[in-house]
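Accompanying notes for the structure given below.
In the working numbering, the protein residues as written are 11 to 334.
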């Protein structure tokens, strides 16, 4: 299988990659305002995927948020189609309130909207990204699509085919979190609803668990990857970056991303199991090649430093997966 290391670019840094440094790129859109940059970015680079604007987006909700999210996708499709784009769109971030909303009803609403978008997508393929279960994505903001069975349920409500983008770090976090909650169900609490002393207790217990279980990552994460492969839902895109479960906690300065999250590939703190990924890639996708979008976030880096770290990460990824 051919492995392609794909860069992640935005309106501010894409020009640095114009020399064809990488084989392809995924576009990050901060908001709908960034749509005006799409034509030039598509001309400048080989764009293989584009991520929907993240701020306030929630396609599984009724009311103003849901309608705005659907209209945003319609606009995004229109702009991309006008440019002759034939790649992938990544949709991520659908949440519901566990205490007041019915999961199945949210699934049905999402399915109906996806069917409508698929009808007008032309040669663009729409994929849904695997989300995360963590202390900030449960309760009132429970991630709708964070487990294999969530995607399987969604297919039962859809008339058109469902496609996926699998984020390896999201699988790592969710797999460890699910195991932690199974052992200590009393800690299934929203971060925002915890008092300061409770946050410290949860943090201590959680990080102790991840440190203890790190040597079992092959089994813990492997079980999740196996379940995704068994859904038989086509996975057409992947997200990857360095990761460190021993540090998964909210950043004191930025809150998100978590500490230990979105690391450069191969940096000293990176504990991602590349052998496990190499083992499962052929089982997870039927594509002839696998696009692995590098979602690195070097803290405090300039655009030039980000460019250099992207190239270094690509070299490391290709080396590790060739060895796997």
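Backbone N, C-alpha and C define an ideal beta-carbon position, used for all residues, glycine too.
Are residue 231 and residue 185 touching if we call contact CB-CB under 9 Å? If you number the chain shown from 1, residue 231 lands on position 221. If you number the chain shown from 1, residue 185 lands on position 175. Going by C-beta atoms, residue 231 is nearer than 9 Å to residue 185.
What runs of the alpha helix (DSSP H), each 4 residues or longer, lie entirely inside the stretch 142–212? 158–167, 178–193
Assuming residue 304 is part of the beta strand (DSSP E), what are its boundary residues? Counting from 1 along the chain shown, the entry for residue 304 is found at position 294. Element bounds for residue 304: 299–304.
Distance between beta carbons of residue 149 and residue 200, contact taken as under 8 Å: Working through the chain shown from its first residue, we reach residue 200 at position 190. Working through the chain shown from its first residue, we reach residue 149 at position 139. Right, the Cβ-Cβ distance comes to about 4 Å (below 8 Å), so this counts as a contact.
Quick check: what's the CA-CA separation for residue 327 versus residue 107? The count along the chain shown starts at 1 and reaches residue 327 at position 317. The count along the chain shown starts at 1 and reaches residue 107 at position 97. Computed Cα separation, rounded: 38 Å.
From 45, 303, 236, 331, pick the residue whose C-alpha is nearest to that of residue 16; which is it? Here residue 16 refers to the residue found at position 6 of the chain shown. Nearest of 45, 303, 236, 331 to residue 16, Cα basis: 303.
Ignoring anything shorter than 3 residues or poking outside the stretch 250–320, list the beta strand (DSSP E) runs there in chain order. 259–261, 265–269, 299–304
Extent of the continuous beta strand (DSSP E) to which residue 12 belongs: Position 2 of the chain shown holds residue 12. Counting along the chain, the beta strand (DSSP E) containing residue 12 begins and ends at 12–19.
Consider the C-beta atom of residue 15 and the heavy atoms of the ligand COA; say whether any pair is separated by less than 8 Å. No copy of the ligand COA appears in this structure; indeed no ligand is present at all.
Rank 74, 34, 13, 69 by C-alpha distance to the C-alpha of residue 59 and give the top, closest one. Walking along the chain shown from the start, residue 59 turns up at place 49. That would be 34, whose Cα lies nearest to the Cα of residue 59.
Is residue 51 closer than 9 Å to residue 100 when the C-beta atoms are compared? Taking the chain shown and counting its residues from 1, one reaches residue 100 at position 90. Taking the chain shown and counting its residues from 1, one reaches residue 51 at position 41. Not a contact, by the Cβ cut-off of 9 Å.
Taking the CB atoms as reference points, tell me whether residue 286 and residue 235 lie closer together than 9 Å. To locate residue 286, count along the chain shown from 1; it is residue 276. To locate residue 235, count along the chain shown from 1; it is residue 225. In this structure, residue 235 lies closer than 9 Å to residue 286 by Cβ.
For residue 11, count neighbouring C-beta atoms within 10 Å of its own C-beta (all shown protein chains included) and say buried if the count is 16 or more, exposed if not. By one-based count along the chain shown, residue 11 stands at place 1. With fewer than 16 other Cβ atoms within 10 Å, it is exposed.
Exposure of residue 156, with buried meaning 16 or more beta-carbon neighbours within 10 Å: Here residue 156 refers to the residue found at position 146 when the chain shown is read from its first residue. Flag for residue 156 reads buried.
For residue 70, count neighbouring C-beta atoms within 10 Å of its own C-beta (all shown protein chains included) and say buried if the count is 16 or more, exposed if not. Numbered from 1 along the chain shown, position 60 holds the residue referred to as residue 70. Residue 70 comes out buried.
For residue 299, is the classification buried or exposed, using 16 other Cβ atoms within 10 angstroms of its Cβ as the cut-off for buried? On the chain shown, residue 299 is found 289 positions in, with the first residue counted as 1. Per the 10 Å Cβ criterion, exposed.
Measuring CB atoms only, is the stretch 172–182 touching the stretch 207–217, in the sense that at least three cross pairs come out at less than 8 Å? no
Residue 82 versus residue 90 - alpha carbon distance: The residue labelled residue 82 in the question sits at position 72 within the chain shown. The residue labelled residue 90 in the question sits at position 80 within the chain shown. Roughly 12 Å separates the two Cα atoms.
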